[in-house]
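Report on the following structure.
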Amino acid sequence: GGVSVVTDAYGRILNRVDGFAAAQAGDPTSAQQLTVPAAAVPTLYPLVGDAFGWAMLGGLLVLVVVLVWQWRRSRQPAPSPKPVEEHALS
Numbered sequence: 004g005g006v007s008v009v010t011d012a013y014g015r016i017l018n019r020v021d022g023f024a025a026a027q028a029g030d031p032t033s034a035q036q037l038t039v040p041a042a043a044v045p046t047l048y049p050l051v052g053d054a055f056g057w058a059m060l061g062g063l064l065v066l067v068v069v070l071v072w073q074w075r076r077s078r079q080p081a082p083s084p085k086p087v088e089e090h091a092l093s
């Protein structure tokens, strides 16, 4: 059961088979046979490749380092205040 859809390179539906409806109608099998044109659609990937993914991974690494650094700084004890010298009033 299930829905099976055939689309072209632009996402337009060329054929659809609803296995749930076919099963309810008493047809235990539903199949589709279709010739689909193989067309290349221009995308951004050939231009940038994996650079976007690597940039996101690098940004995540920087974020983790900054967060760990801030967390470690917040756990250090505060420096002791310097003792105040007493001045004699004359």
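My numbering numbers the first residue of the sequence shown as 4 and each following residue consecutively. The beta-carbon is built from N, C-alpha and C at its ideal position, and this holds for glycine as well. Predicted model only: the values in this text are computed from it and were never measured.
Check: Quick one, are the C-beta atoms of residue 22 and residue 6 less than 8 Å apart?
Finding: The answer is yes: Cβ separation under 8 Å.
Next item on the list: Pull up the distance between the alpha-carbon of residue 70 and that of residue 64, whole angstroms please.
Entry: 10 Å
Checklist line | Cross-strand partners of residue 21 (DSSP beta bridge) | finding: DSSP output for residue 21 lists 6 as bridge partner(s).
Note to self: Alpha carbons only, please: which of 78, 88, 13, 85 is nearest the one belonging to residue 41?
What the structure shows: 13
Check: Going by C-alpha distance, which of 50, 9, 48, 51 is nearest residue 37?
Finding: For residue 37, the nearest C-alpha among the options comes from 9.
Notebook entry, point to check: Which two residues bound the contiguous alpha helix (DSSP H) that contains residue 48?
Noted result: 48 to 51
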